[in-house]
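Down below is the structure, laid out as structure tokens.
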Amino acid sequence: MAGEKSESVIVHGFWASPYSKRVELALKLKGIPYEYVEEDLKNKTPELLKYNPVYKKVPVLVHNGKPIAESLVILQYIEDTWKNGPHLLPEDPYKRAQVRFWVDFVHQKFSGIMMTAAKTEGETQEKALNEVYELLKVLEEGIKSFYPDGIPTFEAENLSLLEVVASSILCLFKAPEEILGIKVIDPEITPLLFSWVEALRELSLVQETIPSHEKIVALLGTLRQLAINPPSQS
Ligand SMILES: N[C@@H](CCC(=O)N[C@@H](CS)C(=O)NCC(=O)O)C(=O)O
Numbered sequence: 000m001a002g003e004k005s006e007s008v009i010v011h012g013f014w015a016s017p018y019s020k021r022v023e024l025a026l027k028l029k030g031i032p033y034e035y036v037e038e039d040l041k042n043k044t045p046e047l048l049k050y051n052p053v054y055k056k057v058p059v060l061v062h063n064g065k066p067i068a069e070s071l072v073i074l075q076y077i078e079d080t081w082k083n084g085p086h087l088l089p090e091d092p093y094k095r096a097q098v099r100f101w102v103d104f105v106h107q108k109f110s111g112i113m114m115t116a117a118k119t120e121g122e123t124q125e126k127a128l129n130e131v132y133e134l135l136k137v138l139e140e141g142i143k144s145f146y147p148d149g150i151p152t153f154e155a156e157n158l159s160l161l162e163v164v165a166s167s168i169l170c171l172f173k174a175p176e177e178i179l180g181i182k183v184i185d186p187e188i189t190p191l192l193f194s195w196v197e198a199l200r201e202l203s204l205v206q207e208t209i210p211s212h213e214k215i216v217a218l219l220g221t222l223r224q225l226a227i228n229p230p231s232q233s
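Take a look at the structure:
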């Protein structure tokens, strides 16, 4: 039964993965203790391959021996299973649908294109960044309906699934900003979004869950160098 002391909750993750970090954040928000297994993505554990034979990716949540894969599916499972902690989805079906819509938008649209911008130069990078700026403007409009009176002070009790997913991706954007020497989430262009992300970044649960800025900068710097100057094959 959910909430019983004897239950076992294990997360297979990777320190820099926004997908696994959002699962950890949701568990922490709900106050669910869990065991964490850090995966080496070049040498995955037999358990990860057994639990996620379809995609072979992190995160995987294993609840009392039952595996669940794909971060958004896991988040929904966490919300459905542990009903005592803060709710991550509103009661009202229409509001739930709105939250899910924007969760999906943030999940689908940002990771790939931001990585492309961070790992390329010239025209390709310019095209990717323009796409990111357009997406951010769309999101700025989208979140207006959630915060008609401006961004509230966030606490565990008033975070939704959208904040969980947004923190896992958008709070990391300072790293590509530093590496490329540009502003991505610009307070002049997308002021609500800027305040939203800043407010999320200030939350201690977010700070203790998402990877440190320095580590992400180092990782992204290495990935960028490898992409721009790939080691010769000979
Ligand atoms: N759609 C998946 C994406 C998960 C994903 O891409 N995980 C990456 C780490 S960020 C991974 O496990 N990569 C290993 C691989 O592709 O072999 C989700 O939302 O959980």
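With numbering that gives the first Met the number 0, letter number 39 in the sequence shown gets 38, and the count goes up by one each step, no holes. Ideal placement from N, C-alpha and C gives every residue a C-beta, glycine not left out.
Using three-state DSSP, classify A68 as helix, strand or coil. Numbered from 1 along the sequence shown, position 69 holds the residue referred to as residue 68. For A68, the three-state secondary structure derived from DSSP is strand.
So which residues touch the region around ligand 1, with touch meaning a C-beta under 5 angstroms from any heavy atom? S16, Y18, L40, K56, V57, E69 and S70
Taking the C-alpha atoms as reference points, what is the distance between T44 and E38? What you label residue 44 is simply residue 45 of the sequence shown in a count that begins at 1. What you label residue 38 is simply residue 39 of the sequence shown in a count that begins at 1. If I take the Cα positions, the gap works out to 7 angstroms.
Can you name, in chain order, every residue of its own chain whose Cβ lies under 6 angstroms from the Cβ of R200, other than the five neighbours on each side? Position 201 of the sequence shown, counting from 1, holds the residue named residue 200. Within the same chain, R200 has close Cβ partners C170.
Output yes or no for whether 9 angstroms exceeds the beta carbon distance between L202 and E154. In the sequence shown, the residue the question calls residue 202 occupies position 203. In the sequence shown, the residue the question calls residue 154 occupies position 155. Cβ atoms of L202 and E154: closer than 9 angstroms.
For a quick check, are the C-beta atoms of P62 and V22 less than 9 angstroms apart? Position 63 of the sequence shown, counted from the start, is the residue given in the question as residue 62. Position 23 of the sequence shown, counted from the start, is the residue given in the question as residue 22. Sequence inspection shows His at residue 62; the Pro mentioned does not correspond to that position. For H62 and V22, no; Cβs fall outside 9 angstroms.
Quick one, which of G64, A117, I178 and L26 has its alpha-carbon nearest E213's? Indexing the sequence shown from 1 puts residue 213 at position 214. With distances taken between Cα atoms, E213 lies closest to I178.
Rounded to whole angstroms, what's the CA-CA distance from Y50 to I67? Just pull it up for me. On the sequence shown, residue 50 is found 51 positions in, with the first residue counted as 1. On the sequence shown, residue 67 is found 68 positions in, with the first residue counted as 1. When rounded, the distance between both Cα atoms is 8 angstroms.
Classify K20 as buried or exposed, calling it buried when 16 or more other Cβ atoms lie within 10 Å of its own Cβ. In the sequence shown, counting from the first residue as 1, residue 20 sits at position 21. Flag for K20 reads buried.
Cβ atoms of T189 and E156: under 9 angstroms apart, would you say? Working through the sequence shown from its first residue, we reach residue 156 at position 157. Working through the sequence shown from its first residue, we reach residue 189 at position 190. It is not a contact, given that the beta carbons lie outside the stated cut-off.
Check this for me: beta carbons of L88 and L204, under 9 angstroms apart or not? Taking the sequence shown and counting its residues from 1, the one referred to as residue 88 is at position 89. Taking the sequence shown and counting its residues from 1, the one referred to as residue 204 is at position 205. Contact flag unset, no.
Every unbroken alpha helix (DSSP H) within the region 108–147, with a cutoff of 4 residues, ordered by chain: 121–143
Endpoints, beta strand (DSSP E) assigned at Y35: The count along the sequence shown starts at 1 and reaches residue 35 at position 36. Start and end: E34 to E37.
Where do the ends of the alpha helix (DSSP H) carrying L222 lie? Numbered from 1 along the sequence shown, position 223 holds the residue referred to as residue 222. H212 to I227 is the span of the alpha helix (DSSP H), which, as asked, contains L222.
Please tell me whether L135 and V183 are closer than 9 angstroms, where the distance is taken between their beta carbons. To locate residue 135, count along the sequence shown from 1; it is residue 136. To locate residue 183, count along the sequence shown from 1; it is residue 184. Their beta carbons are under 9 angstroms apart, which means L135 touches V183 by this criterion.
Compare the C-alpha of N42 against each of N228, F13, P229 and E130 and name the closest. Translated into the one-based positions of the sequence shown, residue 42 becomes position 43. N42 has its Cα closest to that of F13, out of N228, F13, P229 and E130.
Express the C-alpha separation of F109 and I168 in angstroms, rounding to a whole number. Within the sequence shown, the letter at position 169 stands for residue 168. Within the sequence shown, the letter at position 110 stands for residue 109. One C-alpha to the other measures close to 8 angstroms.
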